[in-house]
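Chains as they are written, first to last, in our numbering: chain L, 51 to 416; chain D, 51 to 416.
Positions of the beta carbon are idealized from the N, C-alpha and C atoms, including for glycine.
Since the structure is predicted, the reported quantities are computational estimates derived from the model, not experimental observations.
Worksheet: the structure to be examined is printed underneath.
Here it is, written out as structure tokens:
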């Protein structure tokens with residue numbers, strides 16, 4: 051615990067090893083972190099936990115197929131922890147004809163238009179088939195902005211679904227993973243506080259805060275986290291879903307958040323945007339054509355130890371696969387290194403100084 | 051030397067290390083073997099030499115840029131040997147408006163339509179800028195079929211250009227790489243023999259046989275190699291350009307060939323065709339949907355040690371980058387393992403038995 055902020059350093063125990071927190075979880079949507087081998091993840095990045103998307107894996111190759119092949123751990127040959135979302139978010143954002151019924155979420159596959167139904171119980175079953183270490187309950191993720199009335203209706207449904215999910219899991223045997231309920235409430239502090247408070251009765255292994263990073267201004271996201279966190283038990287991990295930029299990571303940690311995930315480092319990497327200690331670097335810029343320096347001279351990653359900006363730019367412009375691998379390795383290393391610095395600072399008692407230093411760093415291009 | 055066939059086991063010395071022959075060279079067209087890191091090439095495949103394409107690198111990022119960044123070795127962080135072609139083949143096959151002039155080959159870039167001229171001297175200069183360990187002379191690669199008359203005219207030009215290339219190189223200082231002339235002559239044994247014979251006066255470090263695998267039936271390719279090899283010096287490496295299938299590798303070796311290259315293992319990998327000891331495996335087939343076995347249970351590669359056919363199929367169907375990496379690692383390992391077995395058999399004196407065994411292997415799908 052940092053005595054001056056809400057920052058905490060902890061240890062999250064999972065069936066596939068302990069995870070030092072605060073932690074950023076690389077996203078492996080389709081049972082692969084795009085462009086990386088599991089060896090890259092473990093040997094080069096020392097990632098202890100990754101996220102996989104239930105919606106995608108439910109549709110392809112199918113969770114029963116994954117179960118038969120040893121769960122996600124066996125399927126993708128990843129021996130460390132895996133967190134899965136419930137699939138609800140993608141059922142709303144990727145599918146067509148999404149409709150909430152009395153039972154759950156009805157949607158059409160973005161792959162072939164087939165109809166599917168996710169219920170609180172079915173999404174737990176699907177995540178168990180995937181062999182998830184940390185599962186999420188089905189929740190409703192409202193679009194931004196929403197009215198207070200709509201946000202309350204949606205929050206009540208999310209709480210009901212969370213209860214249904216826990217009731218369902220209680221009737222099952224032999225699964226050792228955890229299940230996190232999700233705090234919703236759109237951008238209303240009173241709803242966030244109430245939702246957090248009421249979910250604690252589930253006595254869950256951890257609590258997620260969802261429905262953020264949906265288009266709202268960032269101060270509002272922070273406010274919603276601040277409204278939720280004080281009502282969550284201090285001895286359980288807190289996970290803000292789908293965030294954030296490198297600059298936001300310490301801000302969430304300062305507000306008592308232990309876990310985060312985001313496609314930003316990997317997706318930006320593939321699109322040519324690299325994070326450095328001096329701000330963003332747009333790799334295709336002509337100024338890097340003959341630049342022999344690494345992406346970030348201060349970086350210790352696989353890519354920066356071996357390759358120049360000029361080479362990365364060449365690979366990017368030539369559409370080479372290796373570009374995605376090297377860029378993703380760098381950006382994820384950047385995120386994980388920030389989280390390691392944060393953890394060390396919390397343990398050393400100087401997190402406020404680090405926070406101040408990180409806040410003063412340039413955000414613009416190198 | 052195999053006493054019963056033309057097969058030879060040798061050691062090819064280059065400025066970037068010795069290469070055990072016979073050798074198959076992975077193709078790294080744009081200064082990257084598609085999908086692999088240099089670590090994959092050296093640690094997982096133990097490749098000692100790769101090929102890079104002068105045409106592509108001349109156009110993008112430009113050979114002068116590569117020179118400034120430490121040549122190809124520095125640019126792509128590959129410390130072992132690199133062979134470059136002359137760019138002539140691609141100037142004929144990839145470009146539009148290709149025309150042979152008194153000086154060389156005039157062509158338009160396939161990237162932006164710009165006009166460029168390759169001459170015997172300029173292609174040597176370009177390859178020197180790239181830092182090539184083994185350079186090729188500019189040659190004319192005729193389409194198949196061609197008349198005897200056209201083939202002779204083309205062969206005479208290729209011999210003249212080879213002489214020009216060697217004359218040019220003799221006037222330069224400080225480059226330690228070798229330069230190979232190229233035997234041409236279309237599908238006419240008399241021209242192949244004459245071309246090989248006349249090129250030996252160059253006293254080159256090695257000799258290439260080009261213009262094969264251009265659509266002719268495979269027995270004809272073998273016949274052309276048989277017509278050329280006896281006229282080439284026994285103490286210099288012989289390189290058949292752009293071949294072949296896994297089944298053809300030992301056939302070329304049996305005819306006295308020491309070096310080969312082909313995009314087949316890497317390109318087929320990306321397209322979903324995997325080579326195994328039991329024949330080809332088409333990874334998308336529904337029968338592999340829940341197949342927990344590796345691509346080839348007899349294979350010791352990175353991919354087969356870690357992943358199932360079911361996982362590879364999933365990655366392929368999902369369009370995941372990791373598929374290309376894992377499939378390329380496997381197919382190249384398959385090729386390099388065949389060549390290692392061939393070399394060991396030659397040294398152990400039982401290459402004819404290996405050749406017989408390889409000839410009796412199934413070619414069809416698993």
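Taking all protein chains shown into account, residue 411(L) has fewer than 16 neighbouring C-beta atoms within 10 Å of its C-beta and is therefore exposed. Listed in chain order, the non-local C-beta contacts of residue 404(D) below 8 Å within the same chain comprise 300, 391, 392 and 395, local neighbours out to five positions each way being set aside. Between residue 83(D) and residue 365(D), the C-beta spacing is not below 9 Å.
For residue 347(L), the closest Cβ of chain D is not nearer than 9 Å. The three-state reading of DSSP puts residue 89(L) in helix, counting H, G and I together. Under DSSP, residue 70(L) forms a beta bridge with 61(L). Look at residue 141(L) here: in three-state DSSP terms it is helix. Neighbours of residue 304(L) in chain D, taken as residues whose beta carbon is under 8 Å from its own, are absent, since the nearest beta carbon is some 35 Å off.
Interface flag for residue 363(L) against chain D is set, since a Cβ pair is found closer than 9 Å. Using a Cβ-Cβ cut-off of 9 Å, residue 190(L) does not count as an interface residue toward chain D, since no Cβ of chain D sits closer than that to its own. By the neighbour-count definition (other C-beta atoms within 10 Å, threshold 16), residue 195(L) is an exposed residue.
Within a 10 Å sphere around the beta-carbon of residue 226(L) sit fewer than 16 other beta-carbons, which makes this residue exposed. For residue 376(D), the nearest beta carbon of chain L is closer than 9 Å to its own beta carbon. At least one C-beta of chain L is nearer than 9 Å to the C-beta of residue 80(D). Residues 98, 130 and 131 of the same chain have their beta carbon placed closer than 7 Å to that of residue 67(L), with the five preceding and five following residues left out of the count. Residue 125(D) has a beta carbon lying within less than 9 Å of a beta carbon in chain L. Assignment of residue 339(D) by DSSP, reduced to helix, strand and coil, places it in the coil class. Contact check for residue 184(L) and residue 230(L): beta-carbon distance about 6 Å, within the 8 Å limit, so the pair qualifies. Under the three-state reduction of DSSP output, residue 166(D) falls in the strand class. In this chain, residue 219(D) is not harboured by any beta strand (DSSP E); it is covered by the alpha helix (DSSP H) spanning 198-220.
Under the three-state reduction of DSSP, residue 118(D) is assigned to helix. When C-alpha distances from residue 348(L) are compared across 337(L), 332(L) and 327(L), the shortest belongs to 327(L).
Close to residue 110(L), with beta-carbon spacing below 8 Å, are these residues of chain D in chain order: 364, 367 and 368. Each residue's CA atom was taken as its position, placing residue 53(L) and residue 399(L) some 8 Å apart.
Looking at 111(L), 376(L), 80(L) and 176(L), the one whose alpha-carbon comes closest to that of residue 320(L) is 376(L). When 223(D), 333(D) and 214(D) are compared, the shortest CA-CA separation from residue 170(D) is found for 214(D). At a Cβ-Cβ threshold of 9 Å, residue 187(L) and residue 220(L) do not count as neighbours. Residues of chain L whose Cβ lies closer than 8 Å to the Cβ of residue 86(D) are, in chain order, 372. Proximity of chain L to residue 356(D) at the Cβ level (cut-off 7 Å) is accounted for by 127, in chain order.
From the beta-carbon of residue 360(L), the residues of chain D found nearer than 8 Å are 111, 115, 119 and 125. As DSSP reads the structure, residue 99(L) sits in a beta bridge with 131(L).
Interface criterion met: the Cβ of residue 342(L) is under 9 Å from a Cβ in chain D. Residue 399(L) carries a coil assignment under DSSP once its states are collapsed to helix, strand and coil. Between the region 139-147 of chain D and the region 98-117 of chain D there are three or more inter-stretch CB-CB distances shorter than 8 Å, so the stretches are counted as touching. Beta bridge pairing from DSSP links residue 329(D) with 326(D).
Residue state for residue 258(D) is assigned as strand, using DSSP reduced to three classes.
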